[in-house]
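Encoded as structure tokens, the structure appears first; notes follow it.
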Amino acid sequence: MASRTIVCPSCGETEELSGAPSPEGIVITCGRCHASWLRDSVPDTCATCGGTDVQERTRALTQYSRGTQLSIVGLGSILLCRQCDARMFAWSESGRPVPFAYKSAAMDSTAHEAGRTGDDVHIDP
Ligand SMILES: [Zn+2]
Ligand SMILES: [Zn+2]
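When you read off a place in the sequence shown, starting at 1, and then add 719, the result is the number in the numbering used here.
Printed below as a string of structure tokens:
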């Protein structure tokens, strides 16, 4: 599964990287050269189109309780591309969390080919 690639700005390492939260954001540390940097200072790129117009959005971890009521049991984050995830991007733009079942094209280049985005995810207007 493809996801966004984080590259060490010092040595180009892409695998031996670890992230840790800090007050300024996620700090990535390179296991090879021990450089560390703020993840958010490196632009994210879309796994599908390669564009940089992607944003991190809130994703709901939900479950149905009492049959029909959907309750949010937790929140995570997901990357959305303004182009490839246009529909969900607009949805989240209005402050609503992205449904957990949604596969982001910005994070997974196979999401669209497999038809797992968009219309198969039920969202209420
Ligand atoms: Zn490095
Ligand atoms: Zn894209």
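Backbone N, C-alpha and C define an ideal beta-carbon position, used for all residues, glycine too. Values in this document were obtained by computation on a predicted structure and should not be read as measured data.
With a cut-off of 8 angstroms on Cβ pairs, the stretch 811-830 is not in contact with the stretch 746-761, counting fewer than three such pairs. Not one heavy atom of ligand 2 is found less than 7 angstroms from the C-beta of Q774. Per DSSP, reduced to three states, the secondary structure at E734 is coil, with no helix or strand assignment. Between T767 and A825, the beta carbon gap of about 7 angstroms places them in contact (Cβ cut-off 8 angstroms). Secondary-structure assignment with DSSP links G795 through a beta bridge to R778. Within the DSSP secondary-structure output, A739 pairs in a beta bridge with V746. Q802 has its Cβ nearer than 7 angstroms to a heavy atom of ligand 2. Going by DSSP, S755 is part of the beta strand (DSSP E) stretching over 755-757. DSSP links V773 through a beta bridge to C800.
Within the DSSP bridge table, the entry for V817 names R778 as partners. Every residue with a CB closer than 6 angstroms to a heavy atom of ligand 1 is listed here in chain order: C727, S729, C730, E732, C749, R751, C752, A754.
With fewer than 16 other Cβ atoms from the protein chains shown falling within 10 Å of its own Cβ, I745 counts as exposed.
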